[in-house]
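In our numbering, the protein residues as written are 4 to 420. Glycine included, each C-beta is placed from N, C-alpha and C at the ideal position. If you're wondering where the values come from, they're calculated on a predicted model, not measured in any experiment. To start, the structure under review is shown below, and the notes come after it.
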Amino acid sequence: MTETLRRGRASLAFGFLVQGVTFALLVTRIPALQDQYGISDGLLPVFLAAVPILAGVGSVCTERLVRKVPPSRVLRWSQPVVLLSLLGAGAGDAMWEVAVALGMFGLAVGALDASMNMLGVSLQRAYGRSIMLGFHAAYSLGGIVGASLAWAGAHWDLSLVVSYLPVVVVLLPAALVGSRWYVDAADGKPDGDGGGQGRDSGAVKAGSGGGGSVGFKVLLPLCLVMTCAYIGDSTVSNWSAKYLQDVLGSSEQLSTVPYNVYMVMNLVGRSVGDLGVRRFGAVAVVRGGAVVGAVGFGVVAAASGAWVGILGFTLLGIGLCVIVPQTFAAAGRMFPGASDAAVARLNVFNYVGFLIGSPLVGGLGDVWNYRGAMVVPMVLVLVTLLYARSFALEPDRYGDGHERPRTTDVGRGSNGL
4 MTETLRRGRA SLAFGFLVQG VTFALLVTRI PALQDQYGIS DGLLPVFLAA
54 VPILAGVGSV CTERLVRKVP PSRVLRWSQP VVLLSLLGAG AGDAMWEVAV
104 ALGMFGLAVG ALDASMNMLG VSLQRAYGRS IMLGFHAAYS LGGIVGASLA
154 WAGAHWDLSL VVSYLPVVVV LLPAALVGSR WYVDAADGKP DGDGGGQGRD
204 SGAVKAGSGG GGSVGFKVLL PLCLVMTCAY IGDSTVSNWS AKYLQDVLGS
254 SEQLSTVPYN VYMVMNLVGR SVGDLGVRRF GAVAVVRGGA VVGAVGFGVV
304 AAASGAWVGI LGFTLLGIGL CVIVPQTFAA AGRMFPGASD AAVARLNVFN
354 YVGFLIGSPL VGGLGDVWNY RGAMVVPMVL VLVTLLYARS FALEPDRYGD
404 GHERPRTTDV GRGSNGL
């Protein structure tokens, strides 16, 4: 594998990590944002819903934008906007200021999520083996780092701007420098100064992913899987602490453990997940993840005490972590001539699941009970089993001993790829 592709892989992984840090710093300090701007409990859900809605708009716009500019350039400039929007959200004192900052954050994060997964899919095609889970492992690591920084800021009673400023000062220039080595599928060129002119011997030959068309009916199974996966994920992020404290009778301190354990298990599962895909195939890994995730929800729903509940959330982290990265990868294999468009459209359902998950579980918990509410995401996660075959379309099948020859994806260079 050429040095260009290795650098592209490392720089993209760093981009995922930066995004994980940034997003965690926002969502874990929402109570502080509410206090700083005097946002009422009734108005807060409007702000929280606006971010994923605008992110969906940003993802749709990115699908159109990458027809004219490479995804690497979209990622290169959307990441600083996300970081600056985070800082803006922490620096203001008027309601309109936080509204503008969160609006910009939503639009930019949609473009960022779409473009970084486009590059991940194209790099996986270039490598000829599963590497997508590794990028999402970097995101999980970033989430853990960001949540830890947020905890430190809250513990030391730092203002949001004081908490956010050092992170932005460090990560923004680092992300811009790292973006010089992003590699696009169209030509395998790093998007450095001058638009990345000059071909490298490791140029990606098989389709930019920008042409062709995407049939929504064909993509629909993956859209459903993505939605169900994020309903499960948002259930953990929004309701795990409340469930442990109110239903299982844990202390306030212990109620913070499930989400931390879930994130750590995401990191562990994604770090080794690519090896599982190469050994057993994407279908087996996704099926196994869905079953383990469903068992996790079942354990949570039936838990007799806090530590049994934590065991359930641990299983959820191990199971759910593989589904989203493999769904993006499957979309790229399903539409090899239009993978950018497929990824952008699929990414919208990330936000659909996020929007549905929290009010769905909360509403069921209020009108019924929270144990019963946990059964709903359990059933939805099992929907993945119905569409598991969508994760292994020929001829772009990775794992199961059917890896494609790398020379079909990557040009032959002096290193004999």
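Checklist entry - With distances taken from CA atoms, which of Gly41, Met135, Arg336 and Ala13 is nearest Leu222? => result One-based indexing of the sequence shown puts residue 222 at position 219. Taking only the C-alpha atoms, the option nearest Leu222 is Arg336.
Next on the checklist: Under DSSP, the alpha helix (DSSP H) around Cys226 begins and ends at which residues?
Outcome noted: As a working mapping, residue 226 is identified with position 223 in the sequence shown. From DSSP, the alpha helix (DSSP H) with Cys226 extends over Phe219 to Lys245.
Checklist entry - Measuring CA to CA, which of Phe283, Gly366 and Ile234 is closest to Met381? => result Counted from its first residue, the sequence shown places residue 381 at position 378. The residue with the shortest Cα to Cα distance from Met381 is Ile234.
Next on the checklist: Suppose the cutoff is 6 Å on Cβ atoms and the five residues either side in sequence are ignored; what does the same chain contact list for Gly368 look like?
Outcome noted: The residue you call residue 368 lines up with position 365 of the sequence shown. Counting only residues of its own chain and dropping the five nearest sequence neighbours on each side, Gly368 has a CB closer than 6 Å to the CB of Ala376.
Item to check | Under the three-state DSSP convention, the category Val186 falls into | outcome: To locate residue 186, count along the sequence shown from 1; it is residue 183. Note: Val186 maps to strand in three-state DSSP.
Checklist entry - Among Val173, Leu227, Val85 and Asp44, which has the Cα closest to the Cα of Gly61? => result Mapped onto the sequence shown, residue 61 falls at position 58. Shortest Cα-Cα distance from Gly61 to any of Val173, Leu227, Val85 and Asp44 involves Val85.
Item to check | Phe50, enclosing alpha helix (DSSP H) - first and last residue | outcome: Your numbering for residue 50 matches position 47 in the sequence shown. Counting along the chain, the alpha helix (DSSP H) containing Phe50 begins and ends at Leu47 to Leu68.
Checklist entry - With Cys324 and Asn269 assumed to form a contact (beta carbons below 8 Å), what rounded beta-carbon distance in angstroms separates them? => result Residue 324 sits at position 321 when you count from the first residue of the sequence shown. Residue 269 sits at position 266 when you count from the first residue of the sequence shown. Asn269 and Cys324 do touch by the CB rule: their CB atoms are close to 4 Å apart, below 8 Å.
Checklist entry - In the structure shown, what three-state DSSP assignment does Asn353 receive? => result In the sequence shown, the residue the question calls residue 353 occupies position 350. Helix, per DSSP.
Checklist entry - Are Leu144 and Gly23 close, meaning C-beta to C-beta below 9 Å? => result Sequence index remark: in the sequence shown, residue 144 carries index 141 (1-based). Sequence index remark: in the sequence shown, residue 23 carries index 20 (1-based). A distance below 9 Å separates the beta carbons of Leu144 and Gly23.
Checklist entry - Does the beta-carbon distance from Tyr185 to Ser43 come in below 9 Å? => result If you number the sequence shown from 1, residue 185 lands on position 182. If you number the sequence shown from 1, residue 43 lands on position 40. Their beta carbons are not under 9 Å apart, which means Tyr185 does not touch Ser43 by this criterion.
Item to check | Touching by the beta-carbon criterion (3+ pairs, under 8 Å), the stretch 24 to 31 and the stretch 170 to 184 | outcome: Cβ pair count under 8 Å is three or more, so yes.
Checklist entry - Near Gly292, what residues of its chain come up, given a Cβ to Cβ distance below 6 Å and the 5 sequence neighbours on each side ignored? => result Start at 1 with the first residue of the sequence shown, and residue 292 comes out as number 289. Leaving aside the five residues that flank Gly292 on each side, the residues in its chain whose CB is nearer than 6 Å to its CB run, in chain order, Gly322, Val325 and Ile326.
Next on the checklist: Applying the 10 Å Cβ sphere with the 16-neighbour rule, what's the burial state of Phe219?
Outcome noted: As a first step, residue 219 is located in the sequence shown; it is residue number 216 there, counting from the start. Counting Cβ neighbours within 10 Å, Phe219 comes out exposed, since fewer than 16 surround it.
Checklist entry - If you run the structure through DSSP and keep just helix, strand and coil, what is Asp196? => result Walking along the sequence shown from the start, residue 196 turns up at place 193. Its pLDDT being 39, under 50, Asp196 is placed unreliably in this model, and the value from its coordinates should be taken loosely. In the three-state DSSP reduction, Asp196 falls in the helix class (H, G or I).
Item to check | Trp242 and Val364 closer than 9 Å at C-beta | outcome: Taking the first residue of the sequence shown as position 1, residue 242 is located at position 239. Taking the first residue of the sequence shown as position 1, residue 364 is located at position 361. Cβ distance < 9 Å, so Trp242 and Val364 count as in contact.
Checklist entry - Between which two residues does the alpha helix (DSSP H) containing Gln127 stretch? => result The residue labelled residue 127 in the question sits at position 124 within the sequence shown. Met98 to Tyr130 is the span of the alpha helix (DSSP H), which, as asked, contains Gln127.
Item to check | Alpha carbon of Gly419 to alpha carbon of Ala395, nearest angstrom | outcome: On the sequence shown, position 416 is the one that residue 419 refers to. On the sequence shown, position 392 is the one that residue 395 refers to. With a pLDDT of only 36 at Gly419, under the threshold of 50, the placement of this residue in the model should not be trusted; the figure read from the coordinates follows. Here the alpha carbon of Gly419 sits roughly 28 Å from the alpha carbon of Ala395.
Checklist entry - Rounded to a whole number of angstroms, what is the C-alpha to C-alpha distance between Ser204 and Thr5? => result In the sequence shown, counting from the first residue as 1, residue 204 sits at position 201. In the sequence shown, counting from the first residue as 1, residue 5 sits at position 2. Any reading at Ser204 needs caution, since the residue's pLDDT is 34, under 50, leaving its predicted position unreliable; the model's value is listed next. If I take the Cα positions, the gap works out to 7 Å.
Checklist entry - Using CA coordinates, which residue listed in Ser88, Leu251, Cys231 and Ala16 is at the minimum distance from Leu29? => result Walking along the sequence shown from the start, residue 29 turns up at place 26. Here the closest residue by C-alpha is Ser88.
Checklist entry - Val217 and Ala345 look like a contact to me (Cβ under 8 Å); what is the Cβ gap, rounded to whole Å? => result Indexing the sequence shown from 1 puts residue 217 at position 214. Indexing the sequence shown from 1 puts residue 345 at position 342. Separation of the CB atoms of Val217 and Ala345 is rounded to 5 Å, and the pair is thereby assigned contact status at 8 Å.
Item to check | Nearest candidate by alpha-carbon position, reference Tyr167, set Gly340, Val302 and Ala94 | outcome: Sequence index remark: in the sequence shown, residue 167 carries index 164 (1-based). Taking only the C-alpha atoms, the option nearest Tyr167 is Ala94.
Next on the checklist: So, with DSSP's three-state summary, where would you put Tyr142?
Outcome noted: Position 139 of the sequence shown, counting from 1, holds the residue named residue 142. Here Tyr142 sits in helix by DSSP.
Checklist entry - For the 8 Å Cβ check, are there 3 or more pairs between the stretch 304 to 316 and the stretch 277 to 291? => result Because the criterion of three Cβ pairs below 8 Å is not met, the stretch 304 to 316 and the stretch 277 to 291 do not touch.
Next on the checklist: Quick check: what's the CA-CA separation for Phe17 versus Gly149?
Outcome noted: Against the sequence shown, residue 17 aligns to sequence position 14. Against the sequence shown, residue 149 aligns to sequence position 146. Their Cα atoms are separated by approximately 14 Å.
Checklist entry - Between which two residues does the alpha helix (DSSP H) containing Phe394 stretch? => result The residue labelled residue 394 in the question sits at position 391 within the sequence shown. Where Phe394 is concerned, there is no enclosing alpha helix (DSSP H), because DSSP gives it neither an H nor an E.
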